[in-house]
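Chemist: Mapping to our numbering: the sequence shown position 184 is 198, numbers consecutive.
We treat Cβ as the ideally placed atom computed from N, Cα and C, and that holds for glycine.
Nothing here was measured: the structure is a model prediction, and the numbers come from that model.
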Amino acid sequence: MELFQQAGSFKSRGAYLGISKLSTENRAKGVVAASGGNHAMAVAWAAQKLGVSAKIAIPKAADQIRIDGCRSTGAEVILCEDIVEAFAVMEEISSREGAVMMHPFEGEHMTLGSATCGAEFATAHPEIDMFIIPVGGGGMISGMSAAIKLARPSATVIGVEPFGADSMFRSFVAEEPVRLDKITTIADSLASPMAMPYSFGVTHHYADEIVRVEDDELRQAMRTYQNILKITAEPACAASLAALTGPLKERATGRHVGIIACGSNISMARYLNLLEQKQ
Numbered sequence: 015m016e017l018f019q020q021a022g023s024f025k026s027r028g029a030y031l032g033i034s035k036l037s038t039e040n041r042a043k044g045v046v047a048a049s050g051g052n053h054a055m056a057v058a059w060a061a062q063k064l065g066v067s068a069k070i071a072i073p074k075a076a077d078q079i080r081i082d083g084c085r086s087t088g089a090e091v092i093l094c095e096d097i098v099e100a101f102a103v104m105e106e107i108s109s110r111e112g113a114v115m116m117h118p119f120e121g122e123h124m125t126l127g128s129a130t131c132g133a134e135f136a137t138a139h140p141e142i143d144m145f146i147i148p149v150g151g152g153g154m155i156s157g158m159s160a161a162i163k164l165a166r167p168s169a170t171v172i173g174v175e176p177f178g179a180d181s182m183f184r185s186f187v188a189e190e191p192v193r194l195d196k197i198t199t200i201a202d203s204l205a206s207p208m209a210m211p212y213s214f215g216v217t218h219h220y221a222d223e224i225v226r227v228e229d230d231e232l233r234q235a236m237r238t239y240q241n242i243l244k245i246t247a248e249p250a251c252a253a254s255l256a257a258l259t260g261p262l263k264e265r266a267t268g269r270h271v272g273i274i275a276c277g278s279n280i281s282m283a284r285y286l287n288l289l290e291q292k293q
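#1: For a minimum of 3 consecutive residues, which ranges assigned as the beta strand (DSSP E) are wholly contained in the stretch 181-250?
#2: Which residues mark the beginning and the end of the beta strand (DSSP E) in which A138 is found?
#3: Let me make sure I understand the geometry here. Which of S159, H218, I146 has the alpha-carbon closest to that of S181?
#4: What first and last residue would you give for the beta strand (DSSP E) that runs through E90?
#5: Which of the three DSSP states, helix, strand or coil, is assigned to E105?
#6: State the DSSP-derived secondary structure class of S156, mapped to helix, strand or coil.
#7: DSSP three-state call for A113: helix, strand or coil?
#8: Tell me which residue opens and which closes the alpha helix (DSSP H) that I33 is part of.
#9: Give a yes or no on contact between the stretch 98-111 and the stretch 211-227, applying the rule of three or more CB pairs nearer than 8 Å.
#10: When DSSP labels each residue in this structure, what does I147 get in the three-state scheme?
#11: Curious, which full-length beta strand (DSSP E) runs of at least 3 residues does the stretch 255-282 contain?
#12: Per DSSP, which one or two residues make a beta bridge with K69?
#13: Assuming G51 and S128 form a contact by the criterion Cβ under 8 Å, report the distance between their Cβ atoms to the nearest whole angstrom.
If you want it as structure tokens, here you go:
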């Protein structure tokens, strides 16, 4: 249940680790991040806790609760046209001002942060033999799959992406990182436009495969979380459950399955709007 983490998602693990390990000189330069929301909130939170200035490049279409969440910590928010522009702005600020880039999924800090989640899960529940993990850019599944496989090599680790943002699935097919031409999914937290070498390499080595789900399957999983567990899950948070009840249903029968609820940063207005859309 990583949706109950600090800043509302698993991203806080890697963000805090990355900033905490900066030298005094680099802390003085501040940090800059690009994100559709969850990583943005995590970096803003971690920077505030550690007394470091933060600039956040975020798409203007991001959920207002995420934008407000970043601003509430004192971070400077730069609104961008889309996630592609946000990445470009992050790189430009880092180059111009010397701010340290806190990438949302590429790098040891994010992989090691999520590895703590995988280690906790595998240790607390040794009976689980299949883990289903949401995938955006790979920051979560890279660390989790490595930790799980190192602890229990026989366990099956499967990633899940939306069809409209399937950069890791396509990278597995190509056996190298690929970039998408466009993103079309309601799961904005999984809407990475590309896979990158480090996170792809770790994920490709440890994860068994990547499956894909439709946006309507995400909506149905969101309803299931609300109806049964009374949890308001954002689309990315519902991805593991969508895979379990969708493409992995038959294969999961008879298995002990662990799923990740990765984040909950969604406004009620957006949540209701998504559920009212076509099923």
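Modeler: Once the coordinates are examined:
#1: Counting whole runs of 3 or more residues, the stretch 181-250 contains the beta strand (DSSP E) stretches 223-227.
#2: Looking at the DSSP string, A138 is not in any beta strand (DSSP E); the run it does join, the alpha helix (DSSP H), is 122-138.
#3: H218
#4: 90-94 is the span of the beta strand (DSSP E), which, as asked, contains E90.
#5: helix
#6: helix
#7: coil
#8: 25-34
#9: no
#10: Three-state DSSP puts I147 in a strand.
#11: 271-273
#12: V46, E90
#13: With a Cβ gap of about 17 Å, G51 and S128 do not count as contacting.
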